[in-house]
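There are 2 protein chains.
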Amino acid sequence: MNSPADSVGIVTPQVARFGQPLTLACGRELPEYELVYETYGELNAQRSNAVLICHALSGHHHAAGYHSEEDKRPGWWDECIGPGKPIDTNRFFVVSLNNIGGCHGSTGPSSTNPETGRPWGPDFPPLRARDWVHSQARLADYLGIECWAAVIGGSLGGMQAMRWSLEYPDRLRHCIVIAAAMKLTAQNLAFNEVARQAILSDPDFAEGYYQERDTLPAQGLALARMVGHITYLSDDAMANKFGRDLRSGTLEQGDEGQVEFQVQSYLRYQGSQFSGSFDANTYILMTRALDYFDLAREYDNDPVAAFSHARCSFLVISFTTDWRFSPERSREIVDALIAADRPVTYADIAADEGHDAFLLPIPRYLDVFHAYMKRVGEEP
Amino acid sequence: MNSPADSVGIVTPQVARFGQPLTLACGRELPEYELVYETYGELNAQRSNAVLICHALSGHHHAAGYHSEEDKRPGWWDECIGPGKPIDTNRFFVVSLNNIGGCHGSTGPSSTNPETGRPWGPDFPPLRARDWVHSQARLADYLGIECWAAVIGGSLGGMQAMRWSLEYPDRLRHCIVIAAAMKLTAQNLAFNEVARQAILSDPDFAEGYYQERDTLPAQGLALARMVGHITYLSDDAMANKFGRDLRSGTLEQGDEGQVEFQVQSYLRYQGSQFSGSFDANTYILMTRALDYFDLAREYDNDPVAAFSHARCSFLVISFTTDWRFSPERSREIVDALIAADRPVTYADIAADEGHDAFLLPIPRYLDVFHAYMKRVGEEP
Chain R
3 MNSPADSVGI
13 VTPQVARFGQ
23 PLTLACGREL
33 PEYELVYETY
43 GELNAQRSNA
53 VLICHALSGH
63 HHAAGYHSEE
73 DKRPGWWDEC
83 IGPGKPIDTN
93 RFFVVSLNNI
103 GGCHGSTGPS
113 STNPETGRPW
123 GPDFPPLRAR
133 DWVHSQARLA
143 DYLGIECWAA
153 VIGGSLGGMQ
163 AMRWSLEYPD
173 RLRHCIVIAA
183 AMKLTAQNLA
193 FNEVARQAIL
203 SDPDFAEGYY
213 QERDTLPAQG
223 LALARMVGHI
233 TYLSDDAMAN
243 KFGRDLRSGT
253 LEQGDEGQVE
263 FQVQSYLRYQ
273 GSQFSGSFDA
283 NTYILMTRAL
293 DYFDLAREYD
303 NDPVAAFSHA
313 RCSFLVISFT
323 TDWRFSPERS
333 REIVDALIAA
343 DRPVTYADIA
353 ADEGHDAFLL
363 PIPRYLDVFH
373 AYMKRVGEEP
Chain A
3 MNSPADSVGI
13 VTPQVARFGQ
23 PLTLACGREL
33 PEYELVYETY
43 GELNAQRSNA
53 VLICHALSGH
63 HHAAGYHSEE
73 DKRPGWWDEC
83 IGPGKPIDTN
93 RFFVVSLNNI
103 GGCHGSTGPS
113 STNPETGRPW
123 GPDFPPLRAR
133 DWVHSQARLA
143 DYLGIECWAA
153 VIGGSLGGMQ
163 AMRWSLEYPD
173 RLRHCIVIAA
183 AMKLTAQNLA
193 FNEVARQAIL
203 SDPDFAEGYY
213 QERDTLPAQG
223 LALARMVGHI
233 TYLSDDAMAN
243 KFGRDLRSGT
253 LEQGDEGQVE
263 FQVQSYLRYQ
273 GSQFSGSFDA
283 NTYILMTRAL
293 DYFDLAREYD
303 NDPVAAFSHA
313 RCSFLVISFT
323 TDWRFSPERS
333 REIVDALIAA
343 DRPVTYADIA
353 ADEGHDAFLL
363 PIPRYLDVFH
373 AYMKRVGEEP
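Just so you know, the sequences run in chain order R and A. Mind the numbering: the first sequence is residues 3 to 382 in this note's numbering, read in order. Mind the numbering: the second sequence is residues 3 to 382 in this note's numbering, read in order.
Below, the structure is given as structure tokens:
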């Protein structure tokens, strides 16, 4: 396989080890940790062209390019990262990591707890978005990056980007927040609860100690993913993609055992694929971090007070049919930024694809993103 | 306890036995069956004032009044049925039954299969809405009702009401369709699939033979209900009812084991209550009947062609924040009825409560419903 011309090509994950304990928001300490990350493009001499990609719920470090010649699919944000793409690797040095708590190589529930010699499992400390931000700041130190040109994220990644703007106001020039929210709604919380209950009630979850017991809560994790997946897609996107098309059987047949709708078989497939590649304790940890994220909580629940600590400029993007983090949530961010007198650009992109749109090559989305990043890259 | 003045008071369920086999849409026969039902009000001498209530997914025959002096809660549609209420029992003879396949007394998966002497369980024949309609027609015969003044239903009940208008055009004068749809969307199908998978993957489901094995798929059924429940409420309703209020712990605490949002505890409670009172095989059967309902399928997928077989008048009601069966779905019904030259009254009711609104005392809803039913009752 030859990579397409606008691909970053073959990339190799790297690992950074941090021996200093990291004090977490919960008050506990992570004694040591590793972060797996990838970089695309070259760091310039002034070290001023670095951008950080923060991943969403089920994301990881592999955002662009391929891991081998045989790799069939590129990284999860390959539409947006590469030569000539919105995050242009001819211009930027892109850093993409797997967060702590993750299950793709960074220290997380499936790693060994140095104090016990056994997997952390459910005893891995609970994390907040700010813990990720702090660990990412250490990665910046490690890479010699004093100030990011931009910190960029979609969904839960956008929440980390916003938290960056408050925790380290002098360490980023731009904050790019895509399809995110300042906090979850009751409905968001409800869906996360169903997802977690699906995992927790799977007997193979074994209260989180499945790794030691050599079981896998595959059914629970698959169900959790199915619920999540519905919320990533819009009603229209599902209608366009599947409608009421049948995968097998006919509706003239009475016996339901033989009748299956495409959308149902698709969801089950997505669920089972996911459960083979993701860790259940990580899923629980990530959804809890989402639940607890509340940008303005410690600023008297006043987002304007929160954002008045920020020093960077903002790009906020939402998608019209996103019902997980709807455009209304983005407008709340924008309104608070304006009231806090922060420079902000906002685009609400007409798209049928729901929350998933942030991963897809929607022309106006890519154009807006590209134009903004071009300005970022041209700054002195 | 004294019943309120506008209550039908204490009611006693009755049972009708049908010895004649019922041929089902799937081609199989139900050799015999019982229907449990309640009636409120008096049948007039002309037998012209009878109305039929068709229940929704988790409904049953107990729609109004109380079963005993100690009963704390009235029937599920007590807001709409009673003296002076929209379905005025001073005027109408109201019949409310538990459908076959149900789990509240009518023949269903937990009944004994006469051929084996054991519970039907998962071998109970699959049902379509039309099977319910046919069994309800036999109940009408049994009660000596040639023509209903109205057949009324919300949600899946509305689908049965519409099917009545096509299967027995001369046996109803009015068809009242509340918060329903002519068929499910891909998103509806997807949620039903998640609910079923939750049940099917519960080891205690035992492929549906839990009754014989003396297990109960309580976790799976609770999860299914949690998913369903989210779709019954609007995002706004959940926000108003719960917001991000905490039930225990504080967000300053890091440890998530002690932090719980109200909405999460509420959902879990709803799930566990439901799983103690509903049958899993019935839930699967009912959601499949919903999935397969497609009013116009056998009329070349042309709803106008379908409704041109109807002879009755229609009242269609939707609720602005209902995202399970949105107002758009009701407008499709109304458009088809107009094109088919059927008399139709339509009201889209502003309500925050989502799909659940059809069960709630929303003044304009009750007013519209009441006014329409008054006209029905005054017909010669």
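Cβ coordinates follow ideal geometry from the N, Cα and C atoms, glycine included.
- The beta carbon of R/I232 sits closer than 8 Å to some beta carbon of chain A.
- Rounded to the nearest angstrom, the gap between the Cα atoms of A/P15 and A/L99 is 9 Å.
- Taken in chain order, the members of the region 178-193 of chain R whose beta-carbon sits within less than 8 Å of a beta-carbon on chain A are K185, L186, T187, A188, Q189, L191, A192, F193.
- Under the 8 Å Cβ criterion, the region 290-299 of chain R counts as touching the region 175-186 of chain R, having at least three qualifying pairs.
- Not one beta carbon of chain R lies nearer than 8 Å to the beta carbon of A/G278.
- Put simply, the region 86-102 of chain A does not touch the region 365-379 of chain R. Fewer than three CB pairs are less than 8 Å apart.
- One alpha carbon belongs to A/A349, the other to A/P329, and they sit about 9 Å apart.
- Of the candidates R/A163, R/L32, R/P121, R/N303, R/A163 places its Cα closest to the Cα of R/R173.
- Judged by pairs of C-beta atoms under 8 Å, the region 332-344 of chain A does not touch the region 355-364 of chain A, as fewer than three such pairs exist.
- Excluding the 5 residues flanking it on each side, A/I12 has same chain C-beta neighbours closer than 6 Å at Y68, in chain order.
- With contacts defined by Cβ atoms closer than 8 Å, R/A27 and R/R132 form a contacting pair.
- Using a Cβ-Cβ cut-off of 8 Å, A/F244 counts as an interface residue toward chain R, since at least one Cβ of chain R sits closer than that to its own.
- In the three-state reduction of the DSSP assignment, R/S98 falls in the strand class, which pools E and B.
- The region 282-289 of chain R and the region 312-319 of chain R do not touch, with fewer than 3 CB-CB distances between them shorter than 8 Å.
- Taking 4 residues as the minimum length, the alpha helix (DSSP H) runs contained wholly in the region 227-285 of chain R are 237-243, 264-277, in order along the chain.
- Taking C-alpha positions only, R/I178 is separated from R/L168 by approximately 13 Å.
- Under DSSP, the beta-bridge partners assigned to A/E31 are A/T25.
- A residue is called buried once 16 or more other Cβ atoms fall within 10 Å of its Cβ, and A/N101 is buried on that count.
- For R/H57, the secondary structure class from DSSP, reduced to helix, strand or coil, is coil.
- For A/P382, the closest C-alpha among the options A/N303, A/A151, A/H57, A/D125 is that of A/A151.
- Per DSSP, the unbroken beta strand (DSSP E) holding A/F20 starts and ends at 16-20.
- Taking 4 residues as the shortest admissible run, the region 86-173 of chain A contains the following complete alpha helix (DSSP H) segments, listed from N- to C-terminal end: 131-145, 158-169.
- At a cut-off of 8 Å between C-beta atoms, R/P205 counts as an interface residue with respect to chain A.
- Judged by DSSP secondary structure, R/Y374 falls within the alpha helix (DSSP H) whose first and last residues are 365-380.
- Not flagged as an interface residue toward chain R: A/V96, since no C-beta distance is shorter than 8 Å.
- Contact annotation for A/Q221 against chain R: S203 [CB-CB distance below 7 Å, chain order].
- For A/A200, the closest Cβ of chain R is nearer than 8 Å.
- Just measuring C-alpha positions, the residue of R/W134, R/T114, R/G146 sitting nearest R/A52 is R/G146.
- Within the region 335-368 of chain R, no residue has a Cβ lying closer than 8 Å to any Cβ of chain A.
- Taking the Cα of A/L368 as reference, the smallest distance to any Cα among A/F126, A/G61, A/I180, A/P33 is reached at A/I180.
- With its beta carbon at least 8 Å from every one in chain R, A/Y35 lies outside the interface.
- Under a 10 Å Cβ-count criterion, A/Y144 is classified as exposed, with fewer than 16 other Cβ atoms of the shown protein chains found around its own Cβ.
- At least 8 Å separates the beta-carbon of A/A142 from that of A/M161.
- Interface criterion not met: the Cβ of A/Y68 is under 8 Å from no Cβ in chain R.
- With respect to chain R, the C-beta atom of A/V265 has a partner C-beta closer than 8 Å.
- Your pair R/L225 and A/S203 checks out as a contact, with CB atoms roughly 7 Å apart and the cut at 8 Å.
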